[in-house]
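As structure tokens, the structure follows; a few thoughts come after it.
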Amino acid sequence: MEEIVRVMNALKIWNSGRAETKAVDHVSFSVQVRSFTVIIGKSGCGKSTLLSLIAGLEVPDEGIIFIAGQEMGKSETQRAMIRRTSVGMVHQFFDLIPELTVRENLRVPFDLNNALLDEVYVDSLIRQLELEGLEDRFPHQISGGQQQRVAIARALSVKPAVVLADEPTGNLDRKSSQQVMELFRRLQRNMGLTVIMVTHDLDLAKQADRILYMEDGKLSEYGVQKQA
Ligand SMILES: Nc1ncnc2c1ncn2[C@@H]1O[C@H](COP(=O)(O)OP(=O)(O)OP(=O)(O)O)[C@@H](O)[C@H]1O
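All the letters of the sequence shown, read from the start, carry residue numbers 1 to 228 under the UniProt record's numbering.
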């Protein structure tokens with residue numbers, strides 16, 4: 001199987017005042033292409049920091065990260081280029097642009113990349129994420145679950161090598177969470193996407209191919225962790 005993400009011995013220390021937190025403590029793991037991986041763990045264990053390192057939003061103090069064979073280097077320009085072309089991000093609070101319609105929000109990544117808009121592909125995302133009929137509405141005119149599905153479609157619009165989702169259902173009720181998860185999972189299978197998702201919700205996590213468990217900045221396989 002082909003590896004699409006490789007994290008080698010990543011360390012990230014946050015300094016705030018006198019306190020020093022090893023948010024990511026010498027973490028190593030790889031993710032196979034076309035797999036759905038979930039990272040679970042208690043609040044503050046370092047999940048978001050780890051995703052920020054993989055996304056190239058933060059730089060590790062030690063260690064190396066590769067996305068689709070490219071090293072997330074120290075230069076912000078290089079990291080921004082890899083992030084724009086190879087990484088799709090979905091956040092807990094959707095982060096849609098309120099002044100833009102659903103369809104306009106989906107165009108944003110193309111505009112940022114100066115890429116030609118692939119209308120046929122965007123239409124297929126709208127269909128697969130069950131957003132038909134909502135294209136001309138503004139974010140405040142659709143439900144939370146629908147907003148999150150727009151955010152997922154937006155993340156996929158540039159066909160990223162890897163999709164990083166940080167608590168994508170954290171702001172949704174049970175029913176919408178389950179619906180978003182099912183659509184996300186189906187899309188991942190249909191499109192052969194590679195997804196890394198952070199969640200608190202073990203029921204959702206169980207639908208993934210693989211569960212990783214994070215505690216005090218350390219990462220382990222969830223099954224192994226439970227037996228330990
Ligand atoms: N920018 C920052 N500056 C200082 N400390 C930080 C910063 N970001 C995170 N931390 C600390 O690093 C640790 C890990 O935080 P992180 O947000 O990665 O955890 P998390 O598992 O994603 O938590 P949650 O589930 O609550 O989102 C925490 O102790 C947090 O307080």
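Glycine is no exception: its CB is placed at the ideal position from the N, C-alpha and C atoms.
Model, not experiment: these values are computed from the prediction.
Residue closest to residue i, alpha-carbon to alpha-carbon, out of the options
i           : options              : result
residue 152 : 169, 99, 141 and 136 : 169
residue 182 : 161, 208, 9 and 123  : 208
residue 57  : 27, 222, 88 and 92   : 88
residue 109 : 75, 144, 135 and 160 : 160
residue 31  : 2, 51 and 198        : 2
residue 39  : 118, 111, 12 and 164 : 164
residue 117 : 150, 130 and 154     : 154
residue 156 : 195, 92, 49 and 10   : 195
residue 69  : 60, 199 and 85       : 85
residue 214 : 122, 173 and 48      : 48
residue 130 : 150, 119, 173 and 37 : 150
residue 83  : 71, 92 and 43        : 71
residue 91  : 22, 140, 141 and 167 : 167
residue 119 : 107, 79, 102 and 192 : 107
residue 193 : 37, 104, 126 and 26  : 37
residue 221 : 18, 9 and 41         : 41
Environment of residue i [buried if 16+ CB atoms lie within 10 Å]
i           : result
residue 20  : exposed
residue 228 : Its pLDDT being 41, under 50, residue 228 is placed unreliably in this model, and the value from its coordinates should be taken loosely. Its Cβ having fewer than 16 others within 10 Å, residue 228 is exposed.
residue 202 : exposed
residue 206 : exposed
residue 231 : Within the shown structure, residues of the chain are numbered from 1 to 228, placing residue 231 beyond reach of any answer.
residue 12  : buried
residue 229 : For residue 229 there is no data in the structure shown, the boundaries of the chain being 1 and 228.
residue 188 : buried
residue 184 : buried
residue 226 : Model confidence at residue 226 stands at a pLDDT of 47, short of 50, so the residue's coordinates are unreliable; what they give is reported in the following sentence. Per the 10 Å Cβ criterion, exposed.
residue 75  : exposed
residue 93  : exposed
residue 143 : exposed
residue 141 : exposed
residue 80  : exposed
residue 145 : buried
residue 190 : exposed
8 Å contact criterion, which residue i and residue j should meet: CB distance rounded
i           : j           : result
residue 7   : residue 97  : 31 Å between Cβ atoms; not a contact.
residue 210 : residue 35  : 7 Å
residue 148 : residue 125 : Between residue 125 and residue 148 the Cβ distance is about 14 Å, and since that is not below 8 Å, they are no contact.
residue 10  : residue 46  : The Cβ separation is near 10 Å, so there is no contact.
Ligand 3 heavy atom lying under 6 Å from the CB of residue i
i           : result
residue 186 : Ligands present in the displayed structure are limited to ligand 1, and ligand 3 is not among them.
List in chain order the residues whose CB is within less than 6 Å of at least one heavy atom of ligand 1. Cβ atoms closer than 6 Å to ligand 1 belong to 14, 16, 21, 23, 41, 43, 44, 45, 46, 47, 48 and 49.
Query raised in the report: Are the region 130–139 and the region 60–77 touching by the rule of at least three beta carbon pairs closer than 8 Å?
Result: In short, these stretches do not touch, since the Cβ pair count stays below three.
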